[in-house]
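Quick note: the sequence shown uses our numbering, first residue 13, plus one each step. Backbone N, C-alpha and C define an ideal beta-carbon position, used for all residues, glycine too. These numbers were taken from a predicted model, which means no experiment stands behind them.
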Amino acid sequence: MQAYEMTHTVGFEETNLVGNVYFVHYFRWQGRCREMFLMEHAPDIVDEIRRDLKLFTIKCECEYFAEVTALQRLTIRMTLTDLTQTQLEFEFAYLEVDEGSGAERLLARGRQRVACMRGAGTHVEPTRVPESLRRALEPYRAGSGARVATTRH
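So this is what it looks like as structure tokens:
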């Protein structure tokens, strides 16, 4: 399957008093990865969001396998695991990649479920996932090929 990737260098402001990354930052990185994907592969969706499309995160989770600390370089890899008429589900792998050997170590794994809604203010209703977003995500769907697209942030 093709995965969308972004790299991130952990800042001191993302760590707690113990020196490891505070858990909430993993969720921020999921959102950032999703935003960068939209900007690079579905910019028309950004315009729709400015009008009335809402992408509500309705479920978010993360499992932690190893400590992450300041100045550590991460690769965050996003794949599409589910696509329904009105919802999307993404899986995120937080990796440490050895630049010399290319060996990967899984540090954490997360999931995020997103509902597409339209409306203004508190009056919103479910809507179909826009066709252009479906097309942009198709190569990133689990089980559809074997490439990785990379971006650095």
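Check: What does DSSP give as the partner residue(s) for Gln99 in the beta ladder?; Outcome: Ala127
Check: Quick check on this structure: which residue in Tyr106, Gln84, Thr139 has the alpha carbon closest to the alpha carbon of Gly23?; Outcome: Gln84
Check: Cα-Cα, which of His53, Gly112, Thr98 is closest to Ala127?; Outcome: Thr98
Check: Can you give me the C-alpha to C-alpha distance between Pro138 and Leu29, rounded to a whole angstrom?; Outcome: 42 Å
Check: Drop a sphere of 10 angstroms on the beta-carbon of Met18, count the other beta-carbons inside from all chains shown, and report buried for 16 or more, exposed for fewer.; Outcome: buried
Check: Please give me, in chain order, every unbroken run of the alpha helix (DSSP H) with length at least 4 that falls completely inside the segment 23-83.; Outcome: 36-53, 55-63
Check: Under the rule that 16 or more other beta-carbon atoms within 10 Å means buried, what is Thr96, buried or exposed?; Outcome: exposed
Check: What did DSSP end up calling Glu137 once you bin it into helix, strand or coil?; Outcome: strand
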